[in-house]
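Scroll down for the structure; my scribbles are underneath it.
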Amino acid sequence: MAMRELVTGGAACAVPGSSSSSNPFGNLANAVLSTASKGQDWKELPSSLPTASEAQFYPEAHGQQLPGPDFDQPYMQPGAQSSDFIRNFNSVGGNALLESAWDDVQGSQLPPPMHGPQLMYDRGAAAQLQPTLDGPPQRVLSSFLHSFVETSRGGIPFRPTQLPVLGLSAGDKQCIRDRSSIMARHFFADKSEDFINGQVNALLCSLDIDSDANSKGPLPARFRELEGYWNESQAIQKPGAHATDGWVREFSQHRVDRGDPNVWAQSFEQQHGAHGWASEFEQEQSQLMSADHMRGGNMASLAAMEQTRMLANTLAQNEDPKFQKSRFLQFVSKMSRGELIIDDNQVKQATSSTAGDWAGEYQQQNNAGSNWANEYVHGEVELSRATQWANEFSSEQEQHGSVDDQWVNQFSKLHVDDWAEEFGNQVGQGILGDNSTDSWANAYDEFLNEQVASKQRLDGSRGVYVFSDMNPYVGHPNPLKEGQDMFHKGLLSEAVLALEAEVLKNPDNAEGWRLLGIAHAENDDDQQAIAAMMRAQEADPTNLEVLLALGVSHTNELEQSAALKYLYGWLRNHPKYGVLARPELSDSLYYADVARTFNEAAQMSPDDADVHIVLGVLYNLSREYDKAIESFRTALKLKPQDYSLWNKLGATQANSVQSADAILAYQQALDLKPNYVRAWANMGISYANQGMYDDSIRYYVRALTMNPKADNGWQYLRISLSCASRNDMLEACDSRNLDILQKEFPL
Amino acid sequence: MGSNDELKSEALLEQMKHHLNTDQGKAIAKKIGLVYQINIAPKKLGFNEVAYTIDLKKGEFKKGEYEGGKADAIFSFTDEDFLKIALGKMNPQIAFMRGAMKVKGSMSAAQKFTPDIFPKPSKM
Numbered sequence: 001m002a003m004r005e006l007v008t009g010g011a012a013c014a015v016p017g018s019s020s021s022s023n024p025f026g027n028l029a030n031a032v033l034s035t036a037s038k039g040q041d042w043k044e045l046p047s048s049l050p051t052a053s054e055a056q057f058y059p060e061a062h063g064q065q066l067p068g069p070d071f072d073q074p075y076m077q078p079g080a081q082s083s084d085f086i087r088n089f090n091s092v093g094g095n096a097l098l099e100s101a102w103d104d105v106q107g108s109q110l111p112p113p114m115h116g117p118q119l120m121y122d123r124g125a126a127a128q129l130q131p132t133l134d135g136p137p138q139r140v141l142s143s144f145l146h147s148f149v150e151t152s153r154g155g156i157p158f159r160p161t162q163l164p165v166l167g168l169s170a171g172d173k174q175c176i177r178d179r180s181s182i183m184a185r186h187f188f189a190d191k192s193e194d195f196i197n198g199q200v201n202a203l204l205c206s207l208d209i210d211s212d213a214n215s216k217g218p219l220p221a222r223f224r225e226l227e228g229y230w231n232e233s234q235a236i237q238k239p240g241a242h243a244t245d246g247w248v249r250e251f252s253q254h255r256v257d258r259g260d261p262n263v264w265a266q267s268f269e270q271q272h273g274a275h276g277w278a279s280e281f282e283q284e285q286s287q288l289m290s291a292d293h294m295r296g297g298n299m300a301s302l303a304a305m306e307q308t309r310m311l312a313n314t315l316a317q318n319e320d321p322k323f324q325k326s327r328f329l330q331f332v333s334k335m336s337r338g339e340l341i342i343d344d345n346q347v348k349q350a351t352s353s354t355a356g357d358w359a360g361e362y363q364q365q366n367n368a369g370s371n372w373a374n375e376y377v378h379g380e381v382e383l384s385r386a387t388q389w390a391n392e393f394s395s396e397q398e399q400h401g402s403v404d405d406q407w408v409n410q411f412s413k414l415h416v417d418d419w420a421e422e423f424g425n426q427v428g429q430g431i432l433g434d435n436s437t438d439s440w441a442n443a444y445d446e447f448l449n450e451q452v453a454s455k456q457r458l459d460g461s462r463g464v465y466v467f468s469d470m471n472p473y474v475g476h477p478n479p480l481k482e483g484q485d486m487f488h489k490g491l492l493s494e495a496v497l498a499l500e501a502e503v504l505k506n507p508d509n510a511e512g513w514r515l516l517g518i519a520h521a522e523n524d525d526d527q528q529a530i531a532a533m534m535r536a537q538e539a540d541p542t543n544l545e546v547l548l549a550l551g552v553s554h555t556n557e558l559e560q561s562a563a564l565k566y567l568y569g570w571l572r573n574h575p576k577y578g579v580l581a582r583p584e585l586s587d588s589l590y591y592a593d594v595a596r597t598f599n600e601a602a603q604m605s606p607d608d609a610d611v612h613i614v615l616g617v618l619y620n621l622s623r624e625y626d627k628a629i630e631s632f633r634t635a636l637k638l639k640p641q642d643y644s645l646w647n648k649l650g651a652t653q654a655n656s657v658q659s660a661d662a663i664l665a666y667q668q669a670l671d672l673k674p675n676y677v678r679a680w681a682n683m684g685i686s687y688a689n690q691g692m693y694d695d696s697i698r699y700y701v702r703a704l705t706m707n708p709k710a711d712n713g714w715q716y717l718r719i720s721l722s723c724a725s726r727n728d729m730l731e732a733c734d735s736r737n738l739d740i741l742q743k744e745f746p747l
Numbered sequence: 001m002g003s004n005d006e007l008k009s010e011a012l013l014e015q016m017k018h019h020l021n022t023d024q025g026k027a028i029a030k031k032i033g034l035v036y037q038i039n040i041a042p043k044k045l046g047f048n049e050v051a052y053t054i055d056l057k058k059g060e061f062k063k064g065e066y067e068g069g070k071a072d073a074i075f076s077f078t079d080e081d082f083l084k085i086a087l088g089k090m091n092p093q094i095a096f097m098r099g100a101m102k103v104k105g106s107m108s109a110a111q112k113f114t115p116d117i118f119p120k121p122s123k124m
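Going down the list, the sequences are from chains A and B. Each residue of the first sequence is one higher than the one before, counting from 1 in UniProt numbering. Each residue of the second sequence is one higher than the one before, counting from 1 in UniProt numbering.
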């Protein structure tokens with residue numbers, strides 16, 4: 001749904017009792033004025049009602065400028081201009097233009113939170129910098145809402161304003177209250193709840209609306225609200241008593257059902273900028289003289305299709321069965337298969353057969369409107385009037401589109417199960433089995449995976465621990481004990497779940513966090529390990545094991561200064577070696593000083609394995625691998641049963657290109673702890689670095705079987721599969737299908 | 001080492017240096033037979049770049065610009081993005097299309113620049 005509709009009273013979120021219409025401001029005007037004049041307007045409209053989707057079939061109307069009712073003017077014109085811009089952009093193809101468009105595309109991959117409202121504002125009310133607080137009520141309300149939107153751009157606190165009496169009905173007030181609080185949460189997604197409430201209260205106060213709405217839940221609640229709106233809109237299926245109202249309602253119902261895909265498609269294209277992409281792409285390609293395999297095709301629709309395929313794939317990866325069945329997914333998958341194409345921002349069927357499907361689907365959804373649908377399918381619509389309608393729609397939808405950017409983003413963040421449920425019960429099929437061999441398509445898929453992965457990494461690198469969704473150990477009487485048992489049995493992934501339950505119960509339990517961090521490290525997930533260890537350190541800042549583990553994990557992630565800091569922290573907090581730490585060092589750590597201090601410590605007590613271990617890690621940091629190996633070997637003489645020490649030795653040997661020795665060390669580690677995922681993965685790395693890709697694949701698959709969440713493993717597996725010319729297995733790798741991979745590559 | 005703001009990529013490229021002396025490293029050099037220069041910027045492309053040369057004709061790695069004439073391809077990355085590419089987290093084509101990787105020189109040479117030429121670091 002277009003966010004704008006939520007704000008201004010579009011049909012889908014209509015509150016029962018208030019009149020809804022296709023035109024949001026028309027709605028406001030109707031509600032506010034209750035005059036007969038608007039009703040007159042409605043009656044003049046064609047009897048067969050074009051819906052948003054119908055506008056698709058009148059592409060000639062797109063961008064055409066027909067006079068609408070005068071309160072539509074500020075929207076109509078910018079809409080038309082922007083389509084002019086798109087046309088010019090496509091035809092002119094000047095470098096500067098392309099570059100700026102490219103920048104837009106780049107930018108839109110991570111749109112700033114204010115993106116949607118800003119665009120909406122720019123298009124909708126560029127001239128209205130200051131709210132016009134006189135004139136007819138709907139004008140006042142409109143400009144007042146715009147000024148609210150405007151403040152949201154800069155995150156400026158909105159001040160209550162004295163407004164003339166608007167005569168809003170209770171239903172209108174409820175509408176505005178609910179929608180403004182939803183909208184505000186979108187605008188101020190990066191702000192605190194208090195700030196958002198403040199903004200909304202200021203708005204509502206100005207409009208003399210009570211702010212004690214039930215819509216003030218915490219952020220996740222908005223999806224439930226949306227569901228509520230959806231249900232309401234579904235509920236108003238029956239035509240109203242009043243002929244005009246009923247008509248209007250029926251119309252808006254159609255718009256909801258059929259309009260959605262169009263809006264989605266449009267916003268999707270806007271977000272990803274199919275045309276901009278295509279042109280940029282074409283330009284780059286020709287520059288590089290390697291355009292041969294992409295030339296000649298219809299760049300725009302190709303690119304659009306690929307974009308959609310990407311989306312379809314991400315969506316398909318969401319394992320929620322409700323979502324898998326959603327109509328939106330089906331729609332996107334249709335687009336990705338080329339059954340639907342986007343042309344001039346209109347959705348069209350690619351073949352007449354699918355057109356039939358659509359019509360059928362449409363009729364099923366709208367039993368009430370079946371007559372209408374027939375008429376619509378047979379094209380018996382009065383063209384002149386329809387054109388006007390189509391035009392109004394296309395201009396309106398362009399505004400929706402920009403706001404929908406936000407919405408699409410929200411949506412793609414997933415966790416919208418409730419909402420997705422409402423999308424119907426048809427199964428999206430054939431998306432995963434539809435992979436073409438086109439390398440560019442694969443590249444897009446990878447791009448997508450990479451985006452997902454980078455998001456996860458981003459969360460991880462912020463040091464935010466990411467909990468598992470479904471945890472059977474929540475509610476367990478003693479999850480710490482359970483976690484420790486699992487850990488000692490070598491059931492790392494189970495131990496992780498139990499320990500997560502423990503730290504959810506007792507967030508200050510340093511031991512819970514520490515063991516969780518160790519379990520993640522052994523499970524080959526350093527980002528989670530670091531996040532957990534940070535929490536452990538928060539709870540117990542001087543725990544030596546935690547400091548060492550943080551030093552090791554940061555070394556693994558090649559984050560040298562962080563690693564150095566923690567390793568030095570280990571020394572400083574050590575009861576025996578703390579005296580060696582010089583306070584002046586802690587401000588600016590230099591590797592050489594730290595190493596010297598640790599050597600002093602090692603001389604102090606040569607029989608302390610721990611100090612040799614830390615020294616070994618330190619030498620890894622400086623890539624003095626021979627010294628590191630020596631330190632670890634010394635430590636191993638003192639602690640021969642320490643499997644993680646064997647792995648450290650192996651990893652050091654591997655990094656100093658002694659891969660054959662490394663494999664022996666890993667084998668020692670695995671003999672002591674057979675479920676040591678990190679050692680299995682390291683085995684794979686060592687074989688791959690020696691060019692023995694077939695062997696490496698088996699070890700990677702083994703490691704991934706034990707912990708499918710280790711992203712690194714999947715990436716390495718992919719490389720090894722390509723190098724071993726096993727491209728036939730890439731798909732199984734991309735879809736993370738371990739059953740196939742295990743059968744194909746047993747160890 | 002001595003300063004703490006060393007590039008992460010350098011750690012990986014140092015490993016590349018040793019890797020080129022192994023059988024596998026030699027096989028890769030033989031297979032590709034091109035000279036790549038890599039410019040790595042700590043944060044933003046084009047700023048404070050550090051140049052490294054991966055000479056897969058001779059099977060050598062060194063810090064600094066290529067001195068034997070013109071490299072077959074010169075790449076520019078940020079530190080993070082180079083690691084992503086070398087470790088298989090990002091596809092070079094994607095990186096290029098997104099502007100995360102700049103290329104000068106022969107495109108066919110650039111296309112042989114794939115993650116499998118880099119050794120993967122093992123984890124302690």
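Don't be surprised by glycine CBs; every beta carbon is placed ideally from N, CA and C.
Rounded C-alpha distance that separates residue 44 of chain B from residue 100 of chain B: Locating residue 44 of chain B in the second sequence gives position 44, where the first residue counts as 1. Locating residue 100 of chain B in the second sequence gives position 100, where the first residue counts as 1. Near 10 Å, if we compare the C-alpha coordinates of residue 100 of chain B and residue 44 of chain B.
Sufficient close CB pairs (3 or more, under 8 Å) joining the stretch 561 to 576 of chain A to the stretch 541 to 550 of chain A: yes
Residue 730 of chain A in three-state terms, based on DSSP: In the first sequence, the residue the question calls residue 730 of chain A occupies position 730. Note: residue 730 of chain A maps to helix in three-state DSSP.
Residue 126 of chain A at chain B interface by Cβ criterion, 8 Å: For the purposes of this step, residue 126 of chain A is taken as the residue at position 126 of the first sequence. Note that residue 126 of chain A has pLDDT 38, beneath the 50 cutoff, so the model's placement of it is unreliable and no number is given.
Opening and closing residue of the alpha helix (DSSP H) in which residue 750 of chain A lies: Outside the shown range of chain A (1 to 747) lies residue 750 of chain A, about which nothing can therefore be said.
DSSP three-state assignment for residue 65 of chain B, whether helix, strand or coil: In the second sequence, the residue the question calls residue 65 of chain B occupies position 65. Coil, per DSSP.
DSSP three-state assignment for residue 209 of chain A, whether helix, strand or coil: For this step, residue 209 of chain A is matched to residue 209 along the first sequence. Note: residue 209 of chain A maps to coil in three-state DSSP.
heavy atom of the ligand NAD below 7 Å from residue 178 of chain A C-beta: Looking at this structure, you won't find the ligand NAD or any other ligand, since it has none at all.
Start-to-end residues for the alpha helix (DSSP H) that takes in residue 695 of chain A: On the first sequence, residue 695 of chain A is found 695 positions in, with the first residue counted as 1. Note, residue 695 of chain A: alpha helix (DSSP H), 693 to 706.
Counted within 10 angstroms of its Cβ, other Cβ atoms place residue 604 of chain A as buried (16 or more) or exposed: Position 604 of the first sequence, counting from 1, holds the residue named residue 604 of chain A. Exposed.
Partners in chain B for residue 597 of chain A, counting only beta-carbon separations shorter than 7 Å: Here residue 597 of chain A refers to the residue found at position 597 when the first sequence is read from its first residue. What residue 597 of chain A touches in chain B: nothing, since even the nearest Cβ is about 15 Å away.
Sequence-distant residues of the same chain with beta carbon closer than 6 Å to residue 616 of chain A, five excluded per side: As a first step, residue 616 of chain A is located in the first sequence; it is residue number 616 there, counting from the start. 628, 631 and 632, listed in sequence order.
Cβ pair residue 654 of chain A, residue 682 of chain A closer than 8 Å: Along the first sequence, one-based indexing puts residue 654 of chain A at 654. Along the first sequence, one-based indexing puts residue 682 of chain A at 682. Yes.
Buried versus exposed, by CB contacts within 10 Å (16 or more), residue 660 of chain A: As a first step, residue 660 of chain A must be located in the first sequence, where it is residue number 660. The residue is exposed, with fewer than 16 neighbouring Cβ atoms inside 10 Å.
Residue 422 of chain A, DSSP secondary structure in three states: Counting from 1 along the first sequence, the entry for residue 422 of chain A is found at position 422. Its pLDDT being 35, under 50, residue 422 of chain A is placed unreliably in this model, and the value from its coordinates should be taken loosely. Correct three-state label for residue 422 of chain A: coil.
Cβ pair residue 564 of chain A, residue 522 of chain A closer than 8 Å: For this step, residue 564 of chain A is matched to residue 564 along the first sequence. For this step, residue 522 of chain A is matched to residue 522 along the first sequence. Going by C-beta atoms, residue 564 of chain A is not nearer than 8 Å to residue 522 of chain A.
Segment limits, alpha helix (DSSP H) that includes residue 108 of chain B: Reading the second sequence from its first residue, position 108 is the one you call residue 108 of chain B. Counting along the chain, the alpha helix (DSSP H) containing residue 108 of chain B begins and ends at 107 to 111.
Any C-beta of chain A under 8 Å from that of residue 34 of chain B: If you number the second sequence from 1, residue 34 of chain B lands on position 34. No, residue 34 of chain B lies away from the interface with chain A (no Cβ there is under 8 Å from its Cβ).
Residue 24 of chain B at chain A interface by Cβ criterion, 8 Å: In the second sequence, the residue the question calls residue 24 of chain B occupies position 24. Yes, residue 24 of chain B counts as interfacial toward chain A.
Residue 125 of chain B (DSSP reduced to helix, strand or coil): Because chain B is modelled from 1 through 124, residue 125 of chain B falls outside the range shown and cannot be assessed.
Residues in the stretch 110 to 123 of chain B having any Cβ partner in chain A nearer than 7 Å: 115, 116, 119, 120, 121, 122 and 123
Sufficient close CB pairs (3 or more, under 8 Å) joining the stretch 66 to 74 of chain B to the stretch 45 to 57 of chain B: yes
C-beta neighbour in chain B for residue 682 of chain A, strict 8 Å: Taking the first sequence and counting its residues from 1, one reaches residue 682 of chain A at position 682. Output row for residue 682 of chain A: interface = yes.
Amino acids of chain A, ordered along the chain, whose beta-carbon sits closer than 7 Å to that of residue 15 of chain B: By one-based count along the second sequence, residue 15 of chain B stands at place 15. What residue 15 of chain B touches in chain A: 655.
Neighbourhood of residue 693 of chain A by C-beta, 7 Å cutoff - its chain only, sequence neighbours within 5 removed: In the first sequence, residue 693 of chain A corresponds to position 693, counting from 1. Same-chain partners within the cutoff: 720, 723 and 724.
Per-residue contacts from residue 555 of chain A into chain B (C-beta, under 8 Å): The residue labelled residue 555 of chain A in the question sits at position 555 within the first sequence. By Cβ distance, chain B contributes 124.
Stretch pair the stretch 16 to 28 of chain B + the stretch 727 to 747 of chain A: three plus CB contacts closer than 8 Å: no
8 Å Cβ shell around residue 89 of chain B - same chain, five flanking residues per side excluded: Counting from one through the second sequence, the residue named residue 89 of chain B turns up at place 89. If we look at residue 89 of chain B and ignore the five residues flanking it on each side, its Cβ neighbours are 83.
Residue-level contact to chain A via CB, residue 87 of chain B, 8 Å cutoff: Counting from one through the second sequence, the residue named residue 87 of chain B turns up at place 87. True, the Cβ-Cβ gap to chain A drops below 8 Å.
Nearest to residue 699 of chain A (by Cα), restricted to the options A:674, A:175, A:715 and A:680: Walking along the first sequence from the start, residue 699 of chain A turns up at place 699. Checking every option, the nearest Cα to that of residue 699 of chain A belongs to A:680.
Distance CB(residue 8 of chain B)-CB(residue 618 of chain A) smaller than 8 Å: Stepping through the second sequence from its first residue, residue 8 of chain B is reached at position 8. Stepping through the first sequence from its first residue, residue 618 of chain A is reached at position 618. Not closer than 8 Å, so no.
Within-8 Å CB hit, residue 716 of chain A to chain B: Here residue 716 of chain A refers to the residue found at position 716 of the first sequence. At least one chain B Cβ lies under 8 Å of residue 716 of chain A.
Limits of the beta strand (DSSP E) - the one that residue 55 of chain B falls within: Here residue 55 of chain B refers to the residue found at position 55 of the second sequence. Taken as a continuous stretch (DSSP letters only), the beta strand (DSSP E) holding residue 55 of chain B covers 50 to 55.
Inter-residue spacing [alpha-carbon to alpha-carbon] between residue 579 of chain A and residue 37 of chain B: For this step, residue 579 of chain A is matched to residue 579 along the first sequence. For this step, residue 37 of chain B is matched to residue 37 along the second sequence. Roughly 47 Å separates the two Cα atoms.
Where the beta strand (DSSP E) containing residue 40 of chain B begins and where it ends: What you label residue 40 of chain B is simply residue 40 of the second sequence in a count that begins at 1. Run containing residue 40 of chain B: 35 to 41, per the beta strand (DSSP E) assignment.
Buried or exposed (CB count within 10 angstroms, at least 16 for buried), residue 92 of chain B: On the second sequence, residue 92 of chain B is found 92 positions in, with the first residue counted as 1. Result: buried.
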